Amino acid sequence: MKFVDEFRDPKLIRQAAQEIQRLAKKDRHYRFMEVCGGHTHAIYRFALQDVLPENIELVHGPGCPVCVLPMGRVDDGLSLANDRNVILTAFGDMMRVPGRTGSPLEHKARGADIRMVYSPLDALKLARENPSREVVFFAIGFETTAPSTALTLRTAKQMGLKNFSVFCNHVTIIPAIRAILDSPDMRVEAFIGPGHVSTVIGCRAYEFICRDYGKPLVTSGFEPLDVLQSIVMILRQLDEGTARVENQYARVVPWEGNRPALKAMAEVFELRPFFEWRGLGFISQSALRIRDTYAEFDAERRFSMPGIRVTDPKAAQCGEVLKGVLKPHQCKLFGRECTPEHPVGALMVSSEGACAAYFNYAMRKSDAVAV
Amino acid sequence: MCLAIPGRIVEFVAGEPHLAVVEVAKVRRRVNIDLLREDGLAIDDWVLIHVGFAMSKIGVAEADEQMRLLAMLGEDQQAMDELIGYRFE
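If you're matching them up, the sequences are chains A and B in order.
Going by the numbering used here, 300 is the number at position 300 of the first sequence; the sequence numbering is gapless.
Going by the numbering used here, 458 is the number at position 87 of the second sequence; the sequence numbering is gapless.
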């Protein structure tokens with residue numbers, strides 16, 4: 001078993017796995033949700049489910065930004081690129097997400113001016129270099145990327161740029177967790193909290209989960225040992241009958257978050273009254289829009305967009321997989337019509353999507369962490 | 372998008388207090404350091420970079436760990452492509 005030796009502390013991994021075996025009560029079934037898509041990727045990559053006792057089930061949460069974006073928003077963004085004066089820019093993750101008439105990459109092949117960027121600042125630079133064109137940045141992501149968009153808009157304003165705008169699809173993690181907690185078909189005992197989102201929002205933001213819902217949350221790093229230690233911390237809390245926020249990833253996540261990042265977000269964005277999430281439906285105050293003081297940089301005000309709700313392809317069961325009701329391979333399209341090469345649903349696009357992670361790794365048990 | 376790239380600060384950009392040059396596996400690029408201005412960054416500090424912005428200050432051990440993790444998740448090349456792809460100056 002190959003990977004265990006490449007890790008720093010194979011002995012600690014074994015100890016954590018044994019501790020989990022000891023703490024998990026045989027007569028109980030545990031469902032823990034890892035909120036972040038990065039964790040989903042790591043859990044499949046290292047086949048961590050195989051290290052856990054059978055009565056601990058990991059449920060994959062909504063923390064993959066391209067996965068939760070409804071198709072109508074993809075179409076809205078793509079509609080901008082029909083304007084020949086517009087250069088539409090997007091992260092690589094976005095380029096292969098299917099809209100109703102194809103992905104951004106396919107639209108680009110048909111002649112639309114759509115360019116992949118690695119940073120919103122790259123989009124800003126394109127705007128400066130192309131003063132006669134309109135440059136729009138298709139912004140997606142949770143609190144890990146939203147501060148970057150906010151700072152980019154602040155810079156655009158300082159520069160007095162007139163040809164740059166943002167199509168804002170930033171979402172916030174807390175309302176999504178609340179929606180999951182309030183959903184009648186969700187039964188999750190505890191949460192493995194996101195790593196890098198928490199560097200921005202800190203740990204305090206999660207306290208309501210423990211206080212109001214009585215469920216533990218442990219923010220976690222991404223290595224196998226991190227995830228296993230987080231599960232140990234959760235099981236200890238359940239054993240003690242307590243529910244609190246703990247920070248397993250304290251070497252990176254400050255308890256109070258990142259103040260300049262929160263300030264920049266508050267200056268540029270405000271909460272939308274509601275926003276549609278793929279699989280979860282409309283969630284109130286769960287996404288960000290651009291404030292009036294930055295209205296000139298808001299692509300939704302600057303251009304007219306169809307704004308039509310688009311239902312997912314009928315056969316695709318992305319919603320059920322996103323809610324953890326179905327496992328990826330239980331979807332009718334999984335591995336047949338829908339593959340990472342030809343994704344039908346967004347969960348097959350990003351490496352952080354549960355379906356792509358399952359497709360790429362689930363069959364390769366020999367790569368598992370050995371215990 | 373959830374995983375960050377670790378970089379070592381090798382230079383601050385004169386007259387551009389929001390920028391620093393980071394080095395990752397011998398590649399140097401400018402990144403924005405506005406979000407860490409309260410952290411008192413110094414040369415040789417390690418930071419985690421997301422979409423062109425340094426998001427957290429970390430130790431050298433965490434930087435090593437993050438690089439290894441990216442490699443094991445098969446995202447190291449993607450991370451280098453991203454870094455090389457930053458075009459803002």
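Yeah, the Cβ is synthetic: ideal placement off N, Cα and C, and Gly gets one too.
It should be emphasised that the depicted structure is a prediction, and the values quoted were computed from it without experimental measurement.
Chain B contact for residue i (CB, 7 Å cutoff)
| i | result |
| --- | --- |
| A/H41 | yes |
| A/P260 | yes |
| A/A370 | Bear in mind that a pLDDT of 49 at A/A370, under 50, signals an unreliable position, so the model cannot answer this. |
| A/K2 | Bear in mind that a pLDDT of 40 at A/K2, under 50, signals an unreliable position, so the model cannot answer this. |
| A/R14 | no |
| A/D113 | no |
| A/L151 | yes |
| A/S119 | yes |
| A/H196 | yes |
| A/R251 | yes |
| A/T144 | yes |
| A/E267 | no |
| A/R45 | yes |
| A/E223 | yes |
| A/S220 | no |
| A/D122 | yes |
| A/G38 | yes |
| A/S148 | yes |
Chain A within 7 Å of residue i, Cβ atoms only
| i | result |
| --- | --- |
| B/D405 | yes |
| B/A375 | yes |
| B/L444 | yes |
| B/E453 | yes |
| B/L440 | yes |
| B/E382 | no |
| B/I429 | yes |
| B/V422 | yes |
| B/G456 | yes |
| B/E433 | yes |
| B/D447 | no |
| B/R399 | no |
Sub-7 Å separation of residue i and residue j beta-carbons
| i | j | result |
| --- | --- | --- |
| A/G214 | A/H170 | no |
| A/R291 | B/E433 | no |
| A/A357 | A/P340 | no |
| A/A346 | A/V97 | yes |
| A/A146 | A/M265 | yes |
| A/P13 | A/Y30 | Here the sequence assigns Ile to residue 13 of chain A, which means Pro is not the residue at that position. Not closer than 7 Å, so no. |
| A/V197 | A/E134 | no |
| A/S350 | A/C64 | yes |
| A/V409 | A/E337 | Any question about residue 409 of chain A goes unanswered here, given that chain A covers just 1 to 371. |
Cα-Cα separation, residue i to residue j
| i | j | result |
| --- | --- | --- |
| A/D5 | A/L48 | Low confidence applies to A/D5: its pLDDT is 49, below 50, so where it sits in the model is not reliable enough to give any reading. |
| A/V74 | A/R22 | 47 Å |
| A/A295 | A/R302 | 8 Å |
| B/E382 | B/L406 | 17 Å |
| A/F297 | A/L161 | 9 Å |
| B/V418 | A/C203 | 20 Å |
| B/H389 | A/T311 | 43 Å |
| A/R51 | A/C210 | A quick correction: the sequence has Val, not Arg, at residue 51 of chain A. In a straight line, the C-alpha of A/V51 is about 27 Å away from that of A/C210. |
| B/V393 | B/A413 | 11 Å |
| A/N82 | A/F137 | 15 Å |
| A/D27 | A/P273 | 43 Å |
| A/E106 | A/C67 | 18 Å |
| A/G38 | A/F359 | 16 Å |
| B/R408 | A/S132 | 35 Å |
| A/R178 | A/N130 | 43 Å |
| A/L372 | A/A42 | The displayed coordinates of chain A run from 1 to 371. Any statement about residue 372 of chain A would go beyond what the structure contains. |
| B/G378 | A/K25 | 43 Å |
| A/L280 | B/M426 | 29 Å |
| A/E374 | B/K428 | With chain A covering 1 to 371 only, the question about residue 374 of chain A has no answer from this structure. |
Status (buried if at least 16 other CB within 10 Å, exposed otherwise) for residue i
| i | result |
| --- | --- |
| B/E446 | buried |
| A/V232 | buried |
| B/Q448 | exposed |
| A/D76 | buried |
| A/K365 | Low confidence applies to A/K365: its pLDDT is 46, below 50, so where it sits in the model is not reliable, and the reading given next is rough at best. Label assigned to A/K365: exposed. |
| A/A315 | exposed |
| A/W277 | buried |
| A/M348 | buried |
| A/H342 | exposed |
| A/F269 | buried |
| A/P62 | buried |
| A/M159 | exposed |
| A/Q18 | exposed |
| B/G411 | exposed |
Contact test: residue i Cβ vs the ligand MN heavy atom, cutoff 6 Å
| i | result |
| --- | --- |
| A/L23 | With respect to the ligand MN, the structure shown offers nothing to examine, as it has no ligands at all. |
Exercise for the section: Evaluate the contact criterion for the stretch 150-168 of chain A versus the stretch 181-201 of chain A: three or more CB pairs, one atom per stretch, below 8 Å. Expected result: no
Exercise for the section: Please determine if the stretch 83-92 of chain A and the stretch 102-119 of chain A are in contact, where contact requires at least 3 C-beta pairs separated by less than 8 Å. Expected result: yes
Handout entry: the stretch 240-250 of chain A in contact with the stretch 191-209 of chain A per 3-pair CB rule at 8 Å
Key = yes
Handout entry: At least three beta-carbon pairs within less than 8 Å, the stretch 218-225 of chain A to the stretch 316-333 of chain A
Key = no
Exercise for the section: Say whether the stretch 282-290 of chain A touches the stretch 324-335 of chain A, bearing in mind that this needs 3 or more beta-carbon pairs closer than 8 Å, one atom from each stretch. Expected result: no
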